[in-house]
Ligand SMILES: [Zn+2]
Ligand SMILES: [Zn+2]
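Chains as they are written, first to last, in our numbering: chain A, 1053 to 1373; chain B, -15 to 97.
Below you can see the structure in the form of structure tokens.
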């Protein structure tokens, strides 16, 4: 199973500013002062091995969109944030307009940052393509219609070329879809959201975003521990610090890196991927949070327990399970 | 969990001993809130020198106590954090919300200031 992150940002797409680009350049040029690189390979080695991570990477600014490649002929994508545009462009490059494809979307919920990429998804405009939108919400089409009708967008939902099907799912029910086994779980978020657990051939990935975990809610914790149980990868909404999540931003519907590590430890997951990053944070801050989460995992790990691997999502990241 | 108490003028020094986790957090929270409940003169200095583990529910108890102080005017300070708890405070950003001091002397003088 291969996971590709097309959008990792929470709430709103963001772009890197000139100020940030220049800060990265400054870091790189200072580190390279007095050095000479005879070949591109030597330069590449310097970039990869000697510069700080945040100087050579960016988390990117697209909102939630994650591809799950389970090896089957149909595509599987979680959410349609702004990252969906680039995924769609890559599909056009791979298949062109003449080879119809089947795209299976699994919707965490219908908030704007999770559907905004759909009007910019080129395969939706091509007759022959089949787009299956799996959702637990009662009337997902209404959200898509509102987004793609006047005065919000010039191309009406009903005039798209592809065949668009809405497939209702029920939480806690295990179904077969797009060649994988899928189960949804209700999450605590304004208007409800759903997490998804995908399984195939002994591999499992949980996509759980826009989900608030309250430390005192033991019954909810137990449901999630069961849902995450032994997962190969847990893609987790860690937008806030715990201090924010239990004070100012309580009931805003998101969680923390602390909740992420606690739940992953209790469920013996292998790998945690921090996701739905705060749009106000730059690369340096997100990298810091990532490193702190690795440290927190180490501090909280039971003696003898295997380490939980901790990664942080960035646009373009690919992970193999 | 064991919570040692020392009366100090109008205030209290509370010293929880051991882990503050799912099992012990409710009792800890109840004791802390009760100590802060004696009106706007209430002051609690929390000695964390014997706390080596604090999970999210323990942190939440501290946040609830902090919020209660904001409404009532009571005072809460913490001191003598173990290295692990100090790190947990930094990672969870509780260090930006709660008033933490190196030692008992500094904590108590902040209460009387
Ligand atoms: Zn969101
Ligand atoms: Zn949302």
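C-beta atoms are modelled at their ideal positions from N, C-alpha and C, and glycine is treated no differently.
This one's a predicted model, so the numbers in the text were calculated from it and none came from an experiment.
Asked	Found
Verify whether the separation of the beta carbon atoms of residue 1130/A and residue 1246/A is less than 7 Å.	no
Find out if the Cβ-Cβ distance for the pair residue 1307/A, residue 1370/A is shorter than 7 Å.	no
Any heavy atom of ligand 2 closer than 6 Å to the CB of residue 1265/A?	no
Can you tell me whether residue 1131/A sits near ligand 2, meaning its C-beta is under 6 Å from at least one heavy atom of the ligand?	no
Shorter than 6 Å, the distance from the beta carbon of residue -5/B to the closest heavy atom of ligand 1, or not?	no
So with CB distances below 7 Å, who are the chain A contacts of residue 12/B?	Those do not exist, as residue 12/B stays about 13 Å from chain A at its closest Cβ, beyond 7 Å.
Using 7 Å as the threshold, is the C-beta distance between residue 1313/A and residue 1348/A below it?	yes
Using the Cα positions of residue 1095/A and residue 1089/A, report the straight-line distance between them to the nearest angstrom.	6 Å
Quick one: does residue 1216/A have its CB under 7 Å from some CB of chain B?	no
Where the beta carbon is closer than 5 Å to any heavy atom of ligand 2, which residues qualify, in chain order?	1163/A, 1262/A
Tell me the DSSP secondary structure of residue 1178/A in three-state form.	coil
Is the beta carbon of residue 1140/A within less than 6 Å of some heavy atom of ligand 1?	no
Quick check on this structure: which residue in 1135/A, 1149/A, 1155/A has the alpha carbon closest to the alpha carbon of residue 1164/A?	1135/A
From the DSSP output, in three-state form, read off residue 1332/A for me.	coil
Pull up the distance between the alpha-carbon of residue 53/B and that of residue 19/B, whole angstroms please.	11 Å
Just checking: is the beta-carbon of residue 35/B within a distance shorter than 7 Å of some beta-carbon in chain D?	The structure shown contains no chain D; its protein chains are A and B.
Whole angstroms is fine: what's the gap from residue 1180/A's alpha carbon to residue 1106/A's?	42 Å
Give the residues from the segment 1318 to 1349 of chain A that approach chain B closer than 8 Å (Cβ to any Cβ), ordered along the chain.	1344, 1345, 1347, 1348
According to the Cβ coordinates, are residue 1285/A and residue 1257/A closer than 7 Å?	yes
Quick check on residue 1299/A - is its C-beta less than 7 Å from some C-beta in chain B?	yes
Are the beta-carbon atoms of residue -12/B and residue -1/B separated by less than 7 Å?	yes
Using a threshold of 7 Å, state whether the C-beta atoms of residue 1219/A and residue 1186/A are closer than that.	yes
Spell out whether any CB of chain B is found under 7 Å from the CB atom of residue 1267/A.	yes
For the alpha helix (DSSP H) containing residue 1105/A, list its first residue and its last residue.	1105 to 1108
Taking CB distances under 7 Å as the criterion, tell me whether residue 1294/A reaches chain B.	yes
Let me confirm a value: residue 1252/A is counted as buried when at least 16 other C-beta atoms fall within 10 Å, else exposed. Which label applies?	buried
Which residues in chain B sit within 7 Å of residue 1314/A, going by Cβ to Cβ distance?	39, 40
Does at least one heavy atom of ligand 1 sit under 6 Å from the Cβ of residue 1062/A?	yes
Based on Cα-Cα distance, which residue from 1203/A, 1267/A, 1184/A, 1115/A lies nearest to residue 1230/A?	1184/A
Let me see if you follow: with CB-CB separation under 7 Å, is residue 75/B close to chain A or not?	yes
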